[in-house]
Amino acid sequence: MAKPKDTTIRTFQYKLKANKSFVTACEKTLDAARFVYNCALQQRIDLYKYAGKSISKFEQSRQLTEARNELPEVADCLRSIQTDVLDRLDITFQAFFQRGAGFPRFKGRDRYHTFSQQIEKQRVCPLKGDKLTVPGVGSCRVRLSRPIEGTVKQLRITRRASGWYALLVCEMPKPLPLPKTGLSVGIDVGIKEFATLSTGEQIANPRTLQQHAENLAKLQRRMAKKRKGSQRRAKAKQKVALAYEKVGNTRKDFHHKLSTRLVNEFDTITVEDLQITNMVRNHKLSKAILDVGWNSFFTMARCKAASADKVFEKVSPAYTSQDCSKCGHRQKMPLQVRVFDCGNCDHKQDRDLNAAINISNRGERPRINKARGDARACLRSGNRFRLTARNENQDDSSQRSVSPDAKIAIDISSISGILRTMQPNM
Ligand SMILES: [Zn+2]
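The numbering used here numbers the first residue of the sequence shown as 53 and each following residue consecutively.
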């Protein structure tokens, strides 16, 4: 039996003090990574279209090795970076098949901002003092905002509106579990309030977030007035991108603080298992739903709970707002009705609070060994390029050879054919 993991994953982020030549090297690597990504995607599409086959990332990886021997321009980019590209593509396919996410798309220059590589255990830490060495790219100073801990597993370089960043995904011993409080909580998330706790507390979206959002809207209006392709529009666009980043950072900060507080205060945290993609598709409120970002908040709470040996769980959202939290009586609750007034007992309560208590009641059963699954989710969020596939082995052998009479078998049966025919700067 597998032991529950006694390590945890944390990501350290540093802003790069990148000079021109380092930025050029990063951009070159990004382009090279994007090229492999698009080619590998093309291969998967063609294989399916013309031969009805699927291909695993392992087979693509094997073919990439061959392609590197034949094509020096492909061999120019570090192998470990290309491996992560194939992993990343594989994950988007899994998201498509398993979670109903969108079909993986080809990436243009403005849709590809991150390259990454695994750092083997025996290798030295890429960050020494404030000097970061990116294998295959070069080295650069960073703004050392906090000291790094643990062993670096993966190094990611990412481009944002505010500059270039390094993300170091580290593995470290699990911290001592937080003291148990004996308390549990159910959380009902909403649009108007960010969350209502079963303790009766309401947590509003922070005011600063709203201010940033208003500012963003203003900048977007300004950009819309500028002529397309003009220098002024490019400048306005950069401002919008910066504002977006700021809103994202503020939201993330808010989520971090709240999730830390909840994990400190409660042993069990229960939330509704919301199918957010469905809600967004069907709901008038879709923009507002995406905007509050419950999913990323849930992921944070789950990771923190896992590393503190506490329980985070999702329960079915069915009828949480229609059931009486006191007697269980079920009644219709149209959205505009803000107070739950039970038709069976004398229970009268704020709608969201009633729901939060129902959620809490559904989750309160003590669970042992819940932490293991959570640790995996944690690894995934900190290091999402290493998610292991459920069925990546099973169809491996069948792809070795593509039927020779398939029309364009020569091109699609090996990635090098595609690498050869595709334009590197598409
Ligand atoms: Zn009742």
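Using N, Cα and C, we set each Cβ at its ideal position, and we do this for glycine too.
Anticipated Cβ contact below 8 Å, Phe-392 with Asn-406, distance rounded: For this step, residue 392 is matched to residue 340 along the sequence shown. For this step, residue 406 is matched to residue 354 along the sequence shown. That pair is a contact at about 4 Å.
Contacts around Arg-62, its chain only, beta-carbon distance under 6 Å, and the 5 residues preceding and following it disregarded: Position 10 of the sequence shown, counting from 1, holds the residue named residue 62. Within its own chain, the residues whose Cβ lies closer than 6 Å to the Cβ of Arg-62, once the five positions on either side in sequence are excluded, are Cys-222, listed in chain order.
Cβ neighbours of Met-352 in the same chain (closer than 7 Å, five flanking residues each side left out): Position 300 of the sequence shown, counting from 1, holds the residue named residue 352. So the list reads His-307, His-308, Ser-311, once near-sequence residues are dropped.
Candidates Ala-357, Val-88, Phe-158, Ile-97: closest to Leu-130 by CA position: As a first step, residue 130 is located in the sequence shown; it is residue number 78 there, counting from the start. In terms of CA proximity to Leu-130, Val-88 leads the group Ala-357, Val-88, Phe-158, Ile-97.
Straight-line gap, Thr-320 to Lys-72 (C-alpha atoms, nearest Å): On the sequence shown, position 268 is the one that residue 320 refers to. On the sequence shown, position 20 is the one that residue 72 refers to. The alpha-carbon atoms of Thr-320 and Lys-72 are separated by roughly 49 Å.
Span separating the alpha-carbon of Arg-208 from that of Lys-109: The residue given as residue 208 occupies position 156 in the sequence shown. The residue given as residue 109 occupies position 57 in the sequence shown. Arg-208 and Lys-109 have their C-alpha atoms spaced approximately 20 Å apart.
Arg-354 - containing alpha helix (DSSP H), residue span: Reading the sequence shown from its first residue, position 302 is the one you call residue 354. Segment 346–359, the alpha helix (DSSP H) holding Arg-354.
Proximity below 8 Å, CB of Gly-238 to CB of Ala-85: Locating residue 238 in the sequence shown gives position 186, counting from the first residue. Locating residue 85 in the sequence shown gives position 33, counting from the first residue. Contact flag unset, no.
7 Å CB neighbourhood of Ile-171 in its chain, flanking five on each side removed: Residue 171 sits at position 119 when you count from the first residue of the sequence shown. Around Ile-171: Pro-178, Val-204, Lys-205, Gln-206, Leu-207.
Sub-8 Å separation of Leu-326 and Val-292 beta-carbons: Stepping through the sequence shown from its first residue, residue 326 is reached at position 274. Stepping through the sequence shown from its first residue, residue 292 is reached at position 240. No, they are not a contact pair.
Which of helix, strand or coil DSSP assigns to Asp-375: Looking up residue 375 in the sequence shown gives position 323. Strand at Asp-375.
Cβ-based neighbour list, Ile-133, same chain, cut-off 8 Å, excluding 5 preceding and 5 following: Along the sequence shown, one-based indexing puts residue 133 at 81. Apart from the 5 residues on each side of it in sequence, Ile-133 sits with its Cβ closer than 8 Å to the Cβ of Thr-81, Ala-84, Ala-85, Phe-167, Ser-168, Gln-169, Gly-188 in its chain, given in chain order.
Beta carbon of Arg-390 nearer than 8 Å to that of Arg-403: Counting from 1 along the sequence shown, the entry for residue 390 is found at position 338. Counting from 1 along the sequence shown, the entry for residue 403 is found at position 351. Yes; because the gap between Cβ atoms is below 8 Å, this pair is in contact.
His-381 Cβ short of 7 Å to ligand 1 heavy atom set: Along the sequence shown, read from residue 1 onward, the residue named residue 381 stands at position 329. Yes.
The stretch 295–306 / the stretch 263–270 touching (three or more Cβ pairs under 8 Å): With contact defined as three or more Cβ pairs closer than 8 Å, the stretch 295–306 and the stretch 263–270 are in contact.
Contacts around Cys-394, its chain only, beta-carbon distance under 6 Å, and the 5 residues preceding and following it disregarded: Translated into the one-based positions of the sequence shown, residue 394 becomes position 342. Taking C-beta separations shorter than 6 Å and ignoring five residues to either side along the sequence, the partners of Cys-394 in its chain run Cys-376, His-381, following chain order.
Supposed close pair Ile-411, Asp-240 - CB separation, criterion 8 Å: Counting from one through the sequence shown, the residue named residue 411 turns up at place 359. Counting from one through the sequence shown, the residue named residue 240 turns up at place 188. Contact between Ile-411 and Asp-240 is confirmed by a C-beta separation of about 6 Å, below the 8 Å threshold.
Between the CA atoms of Pro-386 and Arg-211 - distance to the nearest angstrom: Walking along the sequence shown from the start, residue 211 turns up at place 159. Walking along the sequence shown from the start, residue 386 turns up at place 334. One C-alpha to the other measures close to 45 Å.
Of the listed residues Ser-236, Phe-350, Arg-157, nearest to Gln-95 (C-alpha basis): Looking up residue 95 in the sequence shown gives position 43. Each of Ser-236, Phe-350, Arg-157 was checked against the Cα of Gln-95, and the nearest Cα belongs to Arg-157.
Three-state class that DSSP yields for Met-385 in the structure shown: Your numbering for residue 385 matches position 333 in the sequence shown. Coil, per DSSP.
Which of helix, strand or coil DSSP assigns to Asp-139: Within the sequence shown, numbered from 1, the residue matching residue 139 stands at position 87. Helix.
Per DSSP, the bridge partner or partners of Tyr-217: Taking the first residue of the sequence shown as position 1, residue 217 is located at position 165. According to DSSP, which records beta bridges pairwise, Tyr-217 is partnered with Lys-67, Thr-210.
heavy atom of ligand 1 below 7 Å from Asn-396 C-beta: By one-based count along the sequence shown, residue 396 stands at place 344. For Asn-396, the shortest C-beta to heavy atom distance toward ligand 1 is below 7 Å.
First through last residue of the alpha helix (DSSP H) which encompasses Ile-97: Position 45 of the sequence shown holds residue 97. Where Ile-97 is concerned, the enclosing alpha helix (DSSP H) stretches over 72–103.
Same chain, Cβ closer than 6 Å to Ala-247, neighbours up to 5 away in sequence not counted: As a position in the sequence shown, residue 247 is number 195, starting the count at 1. These residues qualify, in order along the chain: Ile-239, Val-241, Ile-255.
Coil, strand or helix - Gly-181 by DSSP: To locate residue 181, count along the sequence shown from 1; it is residue 129. Coil, per DSSP.
Nearest neighbour of Leu-93, chosen from Thr-144, Phe-64, Asp-128, Gln-374 [CA to CA]: Counting from one through the sequence shown, the residue named residue 93 turns up at place 41. Comparing Cα-Cα distances from Leu-93 to each of Thr-144, Phe-64, Asp-128, Gln-374, the minimum goes to Thr-144.
Residue burial classification, Gln-65 (beta-carbon count within 10 angstroms, cutoff 16): Walking along the sequence shown from the start, residue 65 turns up at place 13. Looking at its Cβ environment, which holds fewer than 16 other Cβ atoms inside 10 Å, Gln-65 is exposed.
Burial state of Val-315 (16 or more Cβ within 10 Å): In the sequence shown, residue 315 corresponds to position 263, counting from 1. Val-315 counts as buried, since no fewer than 16 other beta carbons sit within 10 angstroms of its beta carbon.
Per-residue burial, Glu-253 [other beta carbons within 10 Å of its own, 16 or more giving buried]: As a first step, residue 253 must be located in the sequence shown, where it is residue number 201. Looking at its Cβ environment, which holds fewer than 16 other Cβ atoms inside 10 Å, Glu-253 is exposed.
Own chain partners of Tyr-100 with C-beta closer than 8 Å, once the 5 adjacent residues on each side are dropped: Translated into the one-based positions of the sequence shown, residue 100 becomes position 48. So the list reads Ser-106, once near-sequence residues are dropped.
Integer Cβ distance of Cys-397 from Lys-378, believed to fall under 8 Å: The residue labelled residue 397 in the question sits at position 345 within the sequence shown. The residue labelled residue 378 in the question sits at position 326 within the sequence shown. At roughly 6 Å, the Cβ-Cβ gap stays under 8 Å, so Cys-397 and Lys-378 are in contact.
Chain-order list of residues whose beta-carbon lies under 8 Å from that of Val-317 (same chain, five-residue window excluded): For this step, residue 317 is matched to residue 265 along the sequence shown. Note that residue 317 corresponds to Glu in the displayed sequence, not to Val. The answer, listed in chain order, is Thr-233, Leu-235, Val-237.
Top-ranked residue by Cα proximity to Thr-60, from Arg-163, Cys-355, Lys-366: On the sequence shown, position 8 is the one that residue 60 refers to. Ranking the options by Cα distance to Thr-60, first place goes to Cys-355.
Classification of Asp-128 by the beta-carbon crowding that lies within 10 angstroms, buried from 16 upward: Against the sequence shown, residue 128 aligns to sequence position 76. Asp-128 sits exposed, since fewer than 16 C-beta atoms from the chains shown fall within 10 Å of its C-beta.
Spatial distance of Pro-225 from Ala-360 (CA atoms): Position 173 of the sequence shown holds residue 225. Position 308 of the sequence shown holds residue 360. Straight-line spacing of the CA atoms in Pro-225 and Ala-360 works out to 12 Å.
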